[in-house]
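Protein chains in written order, with my numbering: chain B, 4 to 326; chain U, 517 to 840.
Quick reminder that beta carbons are idealized off the backbone N, C-alpha and C, glycines included.
Since the structure is predicted, the reported quantities are computational estimates derived from the model, not experimental observations.
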Amino acid sequence: MKNTPSVEQHLDIYRRMLLVRHLEERLGALHKEGRTRGPIHRCDGQEAVGVAATAALEAGDKVATTHRGHAVYIGKGMAMRPVVAEIFGRATGACGGRAGHMLVADAEKGVIGGNAIVGAGIPAAAGMALSMQILGTGNVAMCVFGDGAAQTGICHEAMNMAGLWKLPVVFVLEHNQFGLTVPSDVQSPVADLSIRAAGYAMPAEIVDGNDAVAVYRAVAAMAERARRGEGPGMVECKTYRVEGFSTSDMGGYQKPEDIAAWKARDPLIISRKALLGDVGEARLADIEAAAKAETDEAFEIALSDPMPQFLVDEACNPYSEAR
Amino acid sequence: MAMMRYAEALNAALREEMQADPSVFLFGEDIGRYGGVFKVTKGLMEEFGEKRVRDTPISEQALTAMAVTAAMTGTRPVLEIMYADFIPLSLDALVNQASIYNYIWNGQVKMPFVVRTQGGGGAGAGAQHSKALDSMLAQIPGIKVVAPSTPADAKGMLKAAIRDSQPVIFLEHKLLYNIRGEVPEGDVIVQLGKAATVREGSDISIFATSKMVVEATKAADLLAADGVSAEIVDLRSLRPLDVDAIVASIAKTHHAVVVNEGWRFCGYAAELSATIMDHVFDELDAPVARVTLPDMPIPYSEPLETAMLPSAEKIRAAALKTLK
Ligand SMILES: Cc1ncc(C[n+]2csc(CCOP(=O)(O)OP(=O)(O)O)c2C)c(N)n1
Ligand SMILES: [Mg+2]
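Structure representation (structure tokens):
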């Protein structure tokens, strides 16, 4: 089937999903020990969206994501150590500890970047696509955004312009059924939010957001169109937030049977099953052991990395040129 | 030198920068086919095409946010927001986006974008089309805010703003677009962050920007008839602020009037007063006088609007009071 990831590509998606899973679980454990700072928004159970969507991009493409962006960071090629170090506020973090887990950026990798203002990533991606169109770079921009973000006014403004100007952008809706605590059907009169794409003259596809191959296929097709100059597209990935909204969420508003049903359809389970026939148990076990070891090493190093020193640094002083 | 209107000087700056750098593009409401509500972008769509000069939907929030990331990724956007009164719609992009990335992302990105807008009263445009809002913008760290008062500065500062690697809010004034002045020919840049002493004086310093410089100049004429020699410092740039120029002028006159077309409470005039206290308190012979808009909406009817706006007469009265 067109745009299906090769076995090697799927293995790499699986590997990155494992890294993200370990990252999230480790953060959960460290939070319980009181060793994290501020709220952390885990995406475990939703890794297929961020990882497979970014796997369909090229190195020069750029992605804007949300407060729940760990899968996008790792999916778009960032290494574990700078991500972990950033989450722990270390000088070696991707942004020197200034950004924290919600606002991570790595301009070289095209992660521009996390965004904790709900909805703000959508025009951010449209703006990058506008730049790409004007410069004729042949690249595409992507926005991963939530079902809550889909209800913002700025979402409408940005998608309207993307459709109007045929901007090379792919909108990846990570529909995990909840905003902060409020379920999607209390926020929107329609269940399938991507029906709105028709109003912006862009195609949309609804996929199983826990099936990495399905996410990849749909996103790759939209990215290909966008790259050809045919304009934006939307992929609505149906998934479910099996953890709390953040590490400070007290819970109580999700049905245990829903959580159980979605956990049974975990993206790691789905990908592993598909890959097993292709590569066999031994290869998967190797990848799994390596991902675990990579996470252990990243945490060990990052947690002993130095904390940053406060300084008013001229390189980051926007007024320095003018004075 | 060529005699030009302020709007024509801006147009020339845009044209020259677009000719020199293909990454410069313009977008905003009604700026293309029509050439802008204030005609600043007239003829540019014809010259540079619809890709680089875009008429946009009415979407200030997203447009401003798009300017931020377009600038991060290789272009130099110049966004026109038709009225400064609409800037509150742009605030997330300025306060939560543009303002933070230079520092938070540890110098990884540049943001060479310009938001051009025009504010100010006196044209009977009513409470939603007459505000300056410069104080609010100048409070945002990480963003430059400039407000030229002459055609020459309009051109030279807009060229500098477009070439700047960081966000610049470029404030124009609806009642300045038709003023005429000499503008140097060619590629002349006026550095952002530098004030200009537009009139030398020895008794009192008047600090102002944009249309308030015009009012201050009229006030200085009135004051001359009163026997007072007023110095006028056109700050040109609200942020970064040329503190040295303020200090030098007060060291000479020992008296100061600060003028701002925005609200008084927590306003730019208050910031200037505090800056003067911080840097040259010892040189002052009297308290700093503030001339601002009262903390009210701007009414429509001419006598009501006129009564509210800072004017030459009010500047003169404030100067005489502080000199007494
Ligand atoms: C503009 C804005 N409003 C509210 C919030 C608080 N908030 C943070 S995340 C969130 C819910 C977002 O839901 P969604 O977009 O579906 O993302 P998810 O958390 O499900 O990944 C809310 C209300 C915010 N950060 N920004
Ligand atoms: Mg959600």
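Inset, instruction - Can you give me the Cβ contacts of U/V553 inside the same chain, cut-off strictly under 7 Å, excluding the 5 residues immediately before and after it? - result: D546, M598
Inset, instruction - Report the option in U/E688, U/K555, U/P538 whose CA atom is closest to the CA atom of U/G590. - result: U/P538
Legend entry - Strand pairing of U/E747, partner residues [DSSP]: U/S721
Inset, instruction - Measure how close the beta-carbons of U/E731 and U/I831 come, nearest whole angstrom, since I'm counting them as under 8 Å. - result: 6 Å
Inset, instruction - Would you list the one or two residues that DSSP bridges to U/D571? - result: U/G544
Inset, instruction - Taking U/T633 as part of the beta strand (DSSP E), name the residues at either end of that continuous run. - result: 630-635
Legend entry - Residue list, Cβ distance to ligand 2 heavy atoms smaller than 6 Å: B/G149, B/D150, B/G151, B/N179, B/F181, B/G182
Legend entry - Supposed close pair U/V714, U/I748 - CB separation, criterion 8 Å: 5 Å
Inset, instruction - Name the residue from B/M145, B/T250, B/V75, B/I209 whose alpha carbon lies nearest to the alpha carbon of B/H44. - result: B/T250
Legend entry - Separation of B/R29 from U/K690, as counted between CA atoms: 58 Å
Inset, instruction - Could you confirm whether any beta carbon from chain U is found closer than 8 Å to the beta carbon of B/M164? - result: yes
Legend entry - Sub-8 Å separation of U/R521 and U/Y784 beta-carbons: no
Inset, instruction - Using the DSSP secondary-structure output, state which residues sit across from B/A67 in a beta bridge. - result: B/C146
Inset, instruction - Can you tell me which of the three DSSP states U/E688 falls into? - result: strand
Legend entry - Proximity below 8 Å, CB of U/I656 to CB of U/V611: yes
Inset, instruction - Taking B/C98 as the query, report the chain U residues whose CB atoms sit under 7 Å from its CB, ordered along the chain. - result: I620, W621, N622
Legend entry - Cβ distance (whole Å) where B/P171 is taken to contact B/A201 below 8 Å: Not a contact, Cβ separation roughly 20 Å.
Legend entry - B/G122 Cβ short of 7 Å to ligand 1 heavy atom set: yes
Inset, instruction - State yes or no: is the beta carbon of B/P309 nearer than 8 Å to at least one beta carbon in chain U? - result: no
Inset, instruction - Give a yes or no on contact between the segment 131-149 of chain B and the segment 161-179 of chain B, applying the rule of three or more CB pairs nearer than 8 Å. - result: yes
Inset, instruction - Kindly say whether B/L183, judged by its beta-carbon, lies nearer than 8 Å to any beta-carbon of chain U. - result: no
Inset, instruction - Using a Cβ cut-off of 8 Å (strictly closer), state whether U/F686 contacts chain B. - result: no
Inset, instruction - Give every residue of the same chain whose Cβ lies closer than 8 Å to the Cβ of B/D188, excluding the five residues on either side of it in the sequence, and list them in chain order. - result: A194
Legend entry - is_contact[U/A586, chain A] using C-beta, thresh 8 Å: This model lacks chain A altogether, as its protein chains are B and U.
Inset, instruction - Take U/S681 as the anchor and find which of B/T69, B/G48, B/A318, B/I209 has the nearest alpha-carbon. - result: B/A318
Inset, instruction - Give the interface partners of B/M131 over in chain U, defined as CB-CB distance under 8 Å, in chain order. - result: T585, A586, M588, T589
Legend entry - Minimum length 3: unbroken beta strand (DSSP E) runs contained in the segment 639-665 of chain U: 660-662
Inset, instruction - Examine chain U for any beta-carbon lying closer than 8 Å to the beta-carbon of B/C319, and answer yes or no. - result: yes
Inset, instruction - For B/I77, count neighbouring Cβ atoms within 10 angstroms of its own Cβ and tell me buried if that reaches 16, exposed if not. - result: buried
Inset, instruction - Determine, using beta carbons only, whether B/A325 comes closer than 8 Å to chain U. - result: Because the pLDDT of B/A325 is 42, which lies under 50, any placement of that residue in the model is unreliable, and the number read from its coordinates should be weighed accordingly. Yes, B/A325 lies at the interface with chain U (some Cβ there is under 8 Å from its Cβ).
Legend entry - Whole-Å CB distance - B/E177 paired with B/Q49, under 8 Å assumed: 6 Å
Inset, instruction - Kindly list the residues whose CB is nearer than 8 Å to the CB of U/R549, restricted to its own chain and excluding five residues on each side of it in sequence; keep chain order. - result: M561, D571
Inset, instruction - Would you identify the three-state DSSP class for U/T733, choosing helix, strand or coil? - result: helix
Legend entry - Own chain, CB closer than 8 Å to B/I290, minus 5 neighbours either side, in chain order: L14, Y17, R18, L21
Inset, instruction - Check whether the Cβ atoms of B/T7 and B/R228 lie closer than 8 Å to each other. - result: no
Inset, instruction - Quickly, what does DSSP pair U/R806 with across the bridge? List them, please. - result: U/V774
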